[in-house]
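What follows is one structure encoded as structure tokens, with my remarks underneath.
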Amino acid sequence: MNLIKIGCFVFGVTALLSSCKSNVKIEDEKTIDVLLQHRYTKLLEYPIDSLSFPRSMTVKTGNIEKVPSSDWTSGFFVGNLWQLHKLTGNAAYKERAEKWNAFIEKEKFNDKTHDIGFKVFSSFGQGLTVEDDNQDYKNIIVQSAKTLSTRFNTTVGAIRSWDFNKDVWEFPVIIDNMLNLELLFEATKISGDSTYHNIAVQHANTTLKNHFRKDNSTYHVVVYDTITGKPKDKVTHQGFNNESSWARGQAWAIYGYTMGYRYTKDKAYLNQAEATANFFINHKNLPEDGIPYWDFNDPSIPNAPRDVSAATVVASAFIELYGFTKDDKYLNYSKKVLNSLNSSTYILSSEVNGPFILDHSTGNWPKNDEIDAPIVYADYYYLEAILRMKAL
């Protein structure tokens, strides 16, 4: 693999050079590069099966959690293959991605989920960055946006998130849903139909108004009254408690409003992205290596599980945020995170046989699900951060 030197970074994708300031131990870059190449190859070796998209794994047992295309995480594995093709130039990743893509296409009609954006845009959207004239991919993205739009409620001014727990949550909207808006923004660019863009803006505005606390941290879920359109409850379903700051929730907020600013140039979005970013990086409980605990308010800190996925989402978002603000603190955080992750502490051992790159993410702590584990979306945003850093 060819190494591409950018600033302090050496990508193949590997370690920071010793000239970079960091308190994290820097390992031999050739050793890390070999380890990463081994991990990347594991994605090619994973058997193609329409019902077995890899979501996470238990390292000790080697058990891989496999899901169908309907799962919200299904598109990330395909996106990882597309991104590895862009990163390495190896056509084998592209060929593999195309085969996996075919299993996701039917999700363009799945109106039972708000996560059609995660599924379709992380797969076909990534594919379109490689094959920008692929009309089939464009059509799939537009149809997916049309399907997602059916979940929009004009009274609330937002897209409904979950359908479960209806007896308690009349109309729930989760902060994660901000990332599904990219599908809508892109659908308008492709089709020229402003409907999708307008729905995305209304959703982002409603979330901006109701999801954030005074300290600019975010709730996970806001439940709305469909008659009045007003919030009736605010909870943090996947956090330590309702008033805690769930790390990945903060990450979704930062990423979502940075991305929203890209499409709208609404300064309010940029301001919120920065405000929540500052809450995140200045928090007293953020570890020195930049990899957050799963929830900033877990009382067991420093013995609480980390969440690499939250770190990679923020690292990727911060590179884009730096592009808008030219504030070095965002770029420096991304560099620190990538430096931390490019080590044997976080990269899966070559002895682990699974289609994942990074360890130590936390999925759903309250349900004791996917704790301190490799999770596919952590890899996705890690690779995206590397590609964004390279683009600088």
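First residue of the sequence shown? That's 0 in numbering that gives the first Met the number 0, and the numbers climb one at a time after it.
Yeah, the Cβ is synthetic: ideal placement off N, Cα and C, and Gly gets one too.
Quick caveat, the model's predicted, so the values are computed rather than measured.
A distance below 8 angstroms separates the beta carbons of Pro354 and Phe76. Annotation for Ser55: the continuous beta strand (DSSP E) segment containing it runs 52-57.
In the three-state reduction of the DSSP assignment, Trp245 falls in the strand class, which pools E and B. For Ala272, same chain residues with a beta-carbon under 7 angstroms away, outside a window of 5 residues either side, are Ile253, Tyr256, Thr257, Tyr260, Leu320 in chain order. The C-beta of Phe151 has 16 or more other C-beta atoms within 10 Å across all chains shown, which makes the residue buried.
The criterion of a C-beta distance shorter than 8 angstroms is not satisfied by Leu357 and Val313. As a beta-bridge residue in DSSP terms, Arg305 pairs with Tyr292. By a beta-carbon distance limit of 8 angstroms, Asn179 contacts Phe117. Their separation comes to about 6 angstroms. Under the DSSP assignment, Glu64 falls in the beta strand (DSSP E) whose first and last residues are 62-66. In the three-state reduction of the DSSP assignment, Lys229 falls in the coil class. Looking at the DSSP output, Leu357 sits in a beta bridge with Ile346. Boundaries for Tyr223: no alpha helix (DSSP H) harbours it, while the beta strand (DSSP E) harbouring it runs 220-223, taken from the DSSP string. Taking a contact to require three or more Cβ pairs closer than 8 angstroms, the segment 295-304 and the segment 327-341 do not qualify as touching. Measuring C-alpha to C-alpha distances from His210 to each of Gln125, Ser243, Arg54, Ile174 identifies Ile174 as the nearest. Counting only runs of 4 or more residues that sit fully inside the segment 75-103, the alpha helix (DSSP H) segments are 90-103, in chain order.
Rounded to the nearest angstrom, the gap between the Cα atoms of Lys213 and Tyr262 is 26 angstroms.
With respect to Trp99, Ile63 sits apart: the two C-beta atoms are not nearer than 8 angstroms. Below 8 angstroms, too few C-beta pairs join the segment 107-117 and the segment 82-92 to call them touching: fewer than three. Per DSSP, Ile174 lies in no alpha helix (DSSP H) segment and is marked neither H nor E. When the Cα atoms are used, Gly74 and Ile103 turn out to be separated by approximately 7 angstroms. Annotation: Ser160 to Lys29 spans about 44 angstroms, alpha carbon to alpha carbon.
Within the same chain, and ignoring the five residues on either side of Thr217 in sequence, the residues whose Cβ sits closer than 7 angstroms to its Cβ are Ile174, His210, Phe211, Gly248, Gln249, Ala252, Thr275. By the 16-neighbour rule on beta-carbons within 10 angstroms, Lys111 is exposed.
Within the same chain, Thr311, Val312, Ser315 come within 6 angstroms of Tyr380 by CB-CB distance, once the 5 residues on both sides are set aside.
Looking at Arg95, Phe279, Asn240, Thr205, the one whose alpha-carbon comes closest to that of Gly126 is Arg95. Taking a C-beta distance under 8 angstroms as the contact criterion, Ala246 and Asp294 qualify as a contact pair. In summary, Gln134 is exposed, with fewer than 16 beta-carbon neighbours lying within 10 Å of its beta-carbon over all protein chains present.
With contacts defined as CB atoms closer than 8 angstroms, Gln201 and Gly238 fail to qualify as a contacting pair.
Going by C-alpha positions, Asn281 is about 15 angstroms away from Ala309. Take Thr225, set aside five residues on each side of it, and the residues of its chain with a beta-carbon closer than 8 angstroms to its own are Asn152, Thr154, Val155, Glu169, Phe170, in chain order. In terms of Cβ geometry, Leu382 and Leu86 form a close pair [threshold 8 angstroms]. Sorting Asn164, Ala186, Lys165 by C-alpha distance to the C-alpha of Ser143 places Ala186 at the top.
Apart from the 5 residues on each side of it in sequence, Gly78 sits with its Cβ closer than 6 angstroms to the Cβ of Ser121, Ser122, Gln125, Tyr379 in its chain, given in chain order. Ser339: member of the alpha helix (DSSP H) spanning 327-340, first to last residue. Under a 10 Å Cβ-count criterion, Ala199 is classified as buried, with 16 or more other Cβ atoms of the shown protein chains found around its own Cβ. By the Cβ-count criterion, Leu42 is buried, with 16 or more other Cβ atoms from all chains shown falling within 10 Å of its own Cβ.
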